[in-house]
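**Student:**
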Amino acid sequence: MSKTTIIPVDDLTEAQAEAELARLAEEIAAHDERYYQNDAPTVSDAEYDALRQRNAAIEKRFPALVRDDSPAKRVGSAPSGKFKKVRHAVPMLSLDNAFSDSDVTEFVARIRRFLKLDEGEETLFTAEPKIDGLSLSLRYEDGALVRAATRGDGFEGEDVTANVKTLEDVPHRLKGKRIPDVCEVRGEVYMTKSAFLKLNERQAKAGKPTFANPRNSAAGSLRQLDPAITASRPLGFFAYAWGEIKDADMPADTQSGMLEWFARCGFKTNPLSKPCRSADELIAFHSAIEEERAGLDYDIDGVVYKVDRLDWQKRLGFVSRSPRWAIAHKFAAEQAQTILRGIDIQVGRTGALTPVARLEPVTVGGVVVVNATLHNEDYIKGIGSDGLPIREGRDLRIGDTVTIQRAGDVIPQIVDVDLAKRPKGAREYEFPKLCPVCKSHAVREVNPKTGDRDSVTRCTGGLICSAQTVERLKHFASRNAFDIEGLGDKQIELFHAEGLIDSPADIFTLHKKLERVRKAVFKQRETLAQEREQQSGKKRAKALSEADRNFKDVDNLLAAIDARRRIAFARFIYALGIRHIGETNARLLARNYGNYAAFEQAMIAAADLESEAWSDLQAINGIGDVVAKAVVDFFAEKHNRDALHALLKEVTIEEEEALDTSGSPVAGKTVVFTGTLEKMTREEAKAMAERLGAKVAGSVSKKTDYVVAGPGAGSKLGKAESLGVEVLTEDAWLTLVGQ
Ligand code: IVH
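Numbering (the numbering used here), first residue to last: 247 to 985.
1. Decide if Asp-378 is buried, meaning its Cβ has at least 16 other Cβ atoms within 10 Å, or exposed.
2. Would you mind sorting Gly-964 into buried or exposed? The rule is 16 or more other CB atoms within 10 Å of its CB.
3. Output needed for Ile-850: all residues of its chain with C-beta closer than 7 Å, excluding positions within five of it in sequence on either side, in chain order.
4. Is it buried or exposed, Val-336, if we count other Cβ atoms within 10 angstroms and call 16 or more buried?
5. Please return the same chain residues whose Cβ sits closer than 6 Å to the Cβ of Gln-559, not counting the five positions on each side in sequence.
6. Please list the segments of the beta strand (DSSP E) lying wholly inside the stretch 477 to 544, counting only runs of 3 or more residues, in order along the chain.
7. Could you give the first and the last residue of the continuous alpha helix (DSSP H) run that contains Ser-701?
8. Is the stretch 491 to 501 close to the stretch 539 to 547, with three or more CB pairs under 8 Å?
9. For the ligand IVH, is there any heavy atom lying closer than 7 Å to the beta carbon of Glu-272?
10. Return the Cβ separation of Leu-969 and Val-954 in integer angstroms, given the expectation that the two are a contact with Cβ distance under 8 Å.
11. May I ask you to report which of helix, strand or coil DSSP gives Leu-445?
12. Grab the span of the alpha helix (DSSP H) containing Gln-559 for me, first residue to last.
13. Give the DSSP-derived three-state secondary structure of Val-912 in the structure shown.
14. Is it true that the CB of Ser-519 sits closer than 8 Å to the CB of Ala-373?
15. Would you check if the distance between the CB atom of Glu-929 and the CB atom of Gly-956 is smaller than 8 Å?
16. Quick one: Cα of Gly-633 to Cα of Val-289, how far?
17. Report yes if the C-beta distance between Leu-586 and Leu-605 is below 8 Å; otherwise report no.
18. Taking only runs of the beta strand (DSSP E) that begin and end inside the stretch 346 to 424, which ones reach a length of at least 3 residues, in chain order?
19. Using C-beta distances below 6 Å, list every residue in its chain close to Trp-979, excluding the 5 sequence neighbours before and after it, in chain order.
20. Tyr-952 lies in the beta strand (DSSP E); which residues open and close that run?
21. What is the DSSP secondary structure of Glu-744, counted as helix, strand or coil?
22. Is any heavy atom of the ligand IVH found at a distance shorter than 7 Å from the C-beta of Ile-377?
23. Skipping 5 residues on each side, what residues in its chain have a beta carbon closer than 7 Å to that of Trp-507?
24. Taking C-beta to C-beta, are Leu-894 and Leu-709 nearer than 8 Å?
25. How is the beta strand (DSSP E) around Glu-272 delimited, first residue to last?
26. List the DSSP bridge partners of Gln-581.
27. Check Leu-599 in the structure and name its three-state DSSP category.
28. Determine whether the beta carbon atoms of Thr-706 and Asp-879 lie at a separation below 8 Å.
29. Quick one: using the 10 Å Cβ neighbour count with 16 as the cut-off for buried, is Ala-743 buried or exposed?
30. Quick one: what does DSSP say Lys-875 is sitting in, helix, strand or coil?
31. Which class does Arg-307 belong to by DSSP, given the choice of helix, strand or coil?
32. In whole angstroms, what separates the C-alpha of Gly-840 from that of Arg-817?
33. When every heavy atom of the ligand IVH is checked, does at least one fall within less than 7 Å of the C-beta of Val-550?
34. Indicate the three-state DSSP secondary structure (helix, strand or coil) for Leu-605 in the structure shown.
35. Could you tell me the distance, in whole angstroms, from the CA atom of Gln-651 to the CA atom of Ala-959?
36. I need the boundaries of the beta strand (DSSP E) containing Lys-941, first residue and last residue.
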């Protein structure tokens, strides 16, 4: 969720409400897309529900502000375009949510009020588990399955008939007598937890992406272009609702009667469904099912209560996207206690080191949890920020008993630690100082804007860390860096996967591996052709022919690489992808050091923070401490220097033209500014001195030529005097430079 401060709905001004509704519409739509189209949600169901609830509350307070694209008017999201679209004869709507017992009491009371029921009259409900899968509408004509469609946006879904026909739980013909001419049966497709775990194991072995949870794997399996793949994935189906059926053809007049009829037709219905007569019985059903939840082999995320009598359902009708006669009572986020067995460090593509908790396996919400994210070093130290749940002053140590929470789809988190159960002698966890992948130093940077320490620890082995290789190489070859035509992201991924390039220098020796390069490119063409074939459904007339063994593009690529064997110094520095070194900073460094040899030597010397090299570097106008530190850290890694030297065997760096400072009285002089300047800011003074060819240093040494001292100058002034360095007032300095 976003980190903006949340203003209570009652305190919102109209303008704030309007902005908030716009933000929520956008955020919810983005979550919908990730959930429904990519099968890859990034927030828990609980967080998502909270966004929708807030949207609803704001709309209720400011009805005039309801947007045309209000999330309340949408269910799910539009179909993705992979499959043929199907318009639902009867829309597939959604359910309102209840989160607390009082929401349930209110739901029952609302219904009784609406129906104006006398006290003596009973309200019977059917309570059913809420299956966490994806809903499906099956259309039968004269008893035969003619179409299966996903929900999509509720009005239009995707035609997944061919895939659904491979599901064992979906009868191709309805059993029994007196089958309506047209009848749409609706329900939930799901994957069992055990099948999900097995599938993920297979995916991982094959080097394919794994699914986050059974729901996503069910969705992914159903939305395959190739029905054979769907058939190989065990999917189940529970029937619980219906779409188009003529009134005269209705086989029952209650929800429970309909469930029995579905079973007679050959469907599975959920065996845990139960009649309930009051809010108390509904609430008791909710707790009973919640207790059973972990032992079930399919995921459920709550229970659903439905008014049993269909004539009452009809009278109650719908409010916007959900029926007034039903509600989903969700489960709270689940927690469990377990033991923190170890902490592993993963290195991401940008070099960020992320700690992961290795846990004593424990079942939470029916899923065996063995790891949890620990976010960063501060989180482990118990000084988590960013709204993370670990509380102040509670660090995590190996052996600790911790509480973990799984909220819907999200990766489990550690939310508490039981200090009373801490084993004796458990030591504070020491965050690694070296990258576990490449053994380069790992550092936490200081945010140049806020001056705060960054929460992320990052590997400095930019050029050699295999966890970061591909991203680095892409940057290296990109337009504003080496600008190698024909060496785009896809090519880099391919050559890296084929073991052809690992470091920048390898790019320039590709010509020596011509045969392997051609083979890789040919393989890529084959795969592309196959993919196209799958998409279009058409078979190719023949396999790639000899004509496709024309490697003109490979020749062009090698020529493009050759054309970049000479490069401007600033581009070269930028291409290295050092943290904080964008094009501007690269240019500053190039101008300041003129050539690579001088630059490298200075950066190595600058590792000593007492050195002149360090104060010179920091003194470059525009290069702050953080940036300076990033460059120094980069060069401090021997691996990086080795990679650079290999690269320098292949490329020639053009020297950067020095600044024209002829005629400047301070060209080549070293100046230190101290105290308060009154005619200009320190930044301006630095910039002016540098324009005139002077070096601006941060500390006074024997090599300092001038110290410009304003009021309040302290130790630097004293040092200048003791070393006999010439001290100037601000005015004297301005006179000297002729301003
Ligand atoms: S009834 C008009 N019953 O929950 C409402 N839905 O949030 C028809 N779901 O889209 C839905 N189990 O995907 C109903 N026993 C059940 C359910 C169930 C799971 C899902 C379904 C629906 C969503 C609503």
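A virtual CB, placed ideally from N, CA and C, is assigned to each residue, including glycine.
**Tutor:** So, from the data block:
1. buried
2. Gly-964 should be labelled exposed.
3. Phe-881
4. exposed
5. The beta carbon of Gln-559 sits closer than 6 Å to those of Val-553 and Trp-571, all from its chain and outside the five residues before and after it, given in chain order.
6. Restricting attention to beta strand (DSSP E) runs no shorter than 3 residues, the stretch 477 to 544 encloses them at 482 to 488 and 520 to 522, ordered along the chain.
7. Element bounds for Ser-701: not the alpha helix (DSSP H) but the beta strand (DSSP E), 699 to 705.
8. no
9. No, the beta carbon of Glu-272 sits no closer than 7 Å to any heavy atom of the ligand IVH.
10. Incorrect: roughly 15 Å between the Cβ atoms, too far for contact.
11. helix
12. 556 to 562
13. Note: Val-912 maps to coil in three-state DSSP.
14. yes
15. no
16. With a pLDDT of only 45 at Gly-633, under the threshold of 50, the placement of this residue in the model should not be trusted, and no figure is reported.
17. yes
18. 371 to 377, 380 to 387, 390 to 396 and 402 to 404
19. Val-954
20. 952 to 955
21. Judged by DSSP in its simplified three-state form, Glu-744 adopts coil rather than helix or strand.
22. At a threshold of 7 Å, Ile-377 counts as near the ligand IVH, since its beta carbon sits closer than that to one of the ligand's heavy atoms.
23. Pro-497 and Ala-498
24. no
25. No beta strand (DSSP E) holds Glu-272; the alpha helix (DSSP H) holding it covers 260 to 278.
26. Gln-651
27. strand
28. yes
29. exposed
30. helix
31. helix
32. 13 Å
33. yes
34. strand
35. Each residue's Cα considered, the two are about 56 Å apart.
36. 941 to 943
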